[in-house]
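Written below as structure tokens is the structure these notes are about.
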Amino acid sequence: MRTTFGLLMLLLGLWPGVSQAQGLEDAPGTADHPLVPRFEGSVIIGHESVSFDAFRMPLGPAVRGDGDEWKAETAHVVEGERTRLIYLAPRDASPLEIVRNYQRALGDDGFETLWQCGGSECGPGNGSFLVNYVLYPQGRHLSTMGRVTEHAFTFPRDPRYAALSRKAKPGSVYVSIYAAIEDFDHFPEIYGHPLVLVDIVESAPMEDRMVFIDAEAMAGDLGEQGRVALYGIQFEFDSDVVRPESDATLTEIATLLSGDPGLSLYVVGHTDMTGSLDYNKDLSGRRAAAVVRALTGRFGVHGARLVPAGVGPLAPVAPNDSEEGRALNRRVELVRR
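Heads up: the sequence shown runs through residues -21 to -1, 1 to 316, numbered per mature numbering (1 follows the signal peptide of the UniProt record, and there is no 0).
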């Protein structure tokens, strides 16, 4: 077992982000999370940071859900600032060694292991389904270093996983670590090396930045622009399930339609550019359809007056290179027919 000396040095900022054995450096513009050190000799090949997001942390093996969907048998959904990192670890390290080092280093800092697994304990495919269909599925791949990052965990072998948390004020911190050897040989830079997927969520309440739009304001925008953008309709993370706090906006849409019997609308779902085009077009379409179902099923709107559609990221209202811009692009629009 390696000592955690290298990890402690990293916390002090004294360990360089270069692996001499691999001849690689950290991807430009990336850095470790300040609360979670890296395994000695690792380099960053993937990075994503979102100021507020939801993360479904697996606390059980991958299982089949409805239809072709896969999910964790048990999961804890946490919301807050989310950071995702993918590390390329030295070839001579094992996934078990890596995860145990993380558990020890984080345990020394007050973290508690909530659940851990190895191989088939993590689910089908000798544990590969947990990363391929739950943690890092198609449509959610990073592209920090192009195809090398996009194809990370294609054929994971000997996987190990641990979920940890530290309860503290003002907010708790949650960390999940999945490590496996990459057996996909198309990219010699990563072939045969352990890859480490680390997700960190610092839980905190979201800043309310959305302006509530009532039926009168909706009618005004539709009259002037032919459309109105709504940010009060919220969905479960990576899902088309409409959240209860959306009811206030849905009530105003129903009021708008009841006050103008001749009005018919397209209900258009929009996403940011996180993930693939096909995935986001499908997600936005399903979300638009879910809004229509809610309006017709619970608010008494006649179905012929509403047509759902999804355009994914194809009609942004802001650049997608900041969380503020991505938040503006994630919306539902009503368009006059």
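Positions of the beta carbon are idealized from the N, C-alpha and C atoms, including for glycine. Treat the numbers as computed from the prediction; the structure is a model and nothing was measured.
Under DSSP, Asp32 forms a beta bridge with Gly59. Residue environment for Arg43: exposed (fewer than 16 other C-beta atoms within 10 angstroms of its C-beta). For Tyr157, the enclosing beta strand (DSSP E) begins and ends at 152 to 161. In this structure, Cys96 keeps its C-beta atom at 8 Å or more from the C-beta atom of Pro135. Taking 4 residues as the shortest admissible run, the segment 191 to 240 contains the following complete alpha helix (DSSP H) segments, listed from N- to C-terminal end: 194 to 204, 226 to 238. Between the C-alpha atoms of Tyr140 and Tyr153 there is a straight-line separation of about 14 Å. Secondary-structure assignment with DSSP links Val180 through a beta bridge to Arg61, Tyr153. When DSSP states are grouped into helix, strand and coil, Arg145 belongs to the strand group.
Leaving aside the five residues that flank Ser21 on each side, the residues in its chain whose CB is nearer than 8 Å to its CB run, in chain order, Ser(-3), Tyr66, Leu67, Ala68, Pro69, Val175. Here DSSP, grouped into helix, strand and coil, assigns Ile77 to helix. Under the DSSP definition of a beta bridge, Glu27 partners with Arg63. Glu4 carries a strand assignment under DSSP once its states are collapsed to helix, strand and coil. Between Asp5 and Gln204, the alpha-carbon positions lie close to 47 Å from each other. By the criterion of a C-beta distance shorter than 7 Å, Leu93 is surrounded in its chain by Leu38, Ala142, Leu143, Ser144, once the five residues flanking it on both sides are discounted. Beta-bridge pairing by DSSP links Tyr140 to Cys96, Tyr157. Under the DSSP assignment, Ala41 falls in the beta strand (DSSP E) whose first and last residues are 41 to 43. Sequence-distant partners of Asn105 (beyond 5 residues in either direction) whose C-beta falls short of 7 Å from its own C-beta, in its chain, are Gly98, Ser99. The C-beta distance from Gly276 to Thr123 rounds to 42 Å, too long to meet the 8 Å contact threshold. Using a Cβ-Cβ distance cut-off of 8 Å, the segment 289 to 298 and the segment 251 to 264 are in contact, since at least three pairs of beta carbons, one from each stretch, lie closer than that value. Counting other Cβ atoms within 10 Å of its Cβ, Val220 stays below 16 and is therefore classed as exposed. Residue environment analysis places Leu64 among the buried positions, since at least 16 neighbouring C-beta atoms fall within 10 angstroms of its C-beta. DSSP links Pro37 through a beta bridge to Ala54. Within the same chain, Cβ atoms closer than 8 Å to the Cβ of Arg265 are found at Asp219, Gly248, Gly289, the five residues on either side in sequence being excluded.
When DSSP reads this structure, Arg310 sits in a beta bridge with His249. Under the DSSP assignment, Val127 falls in the alpha helix (DSSP H) whose first and last residues are 126 to 129. Assignment of Gly289 by DSSP, reduced to helix, strand and coil, places it in the strand class. Scanning Asp239, Pro240, Pro287 for the CA closest to the CA of Leu262 turns up Pro287.
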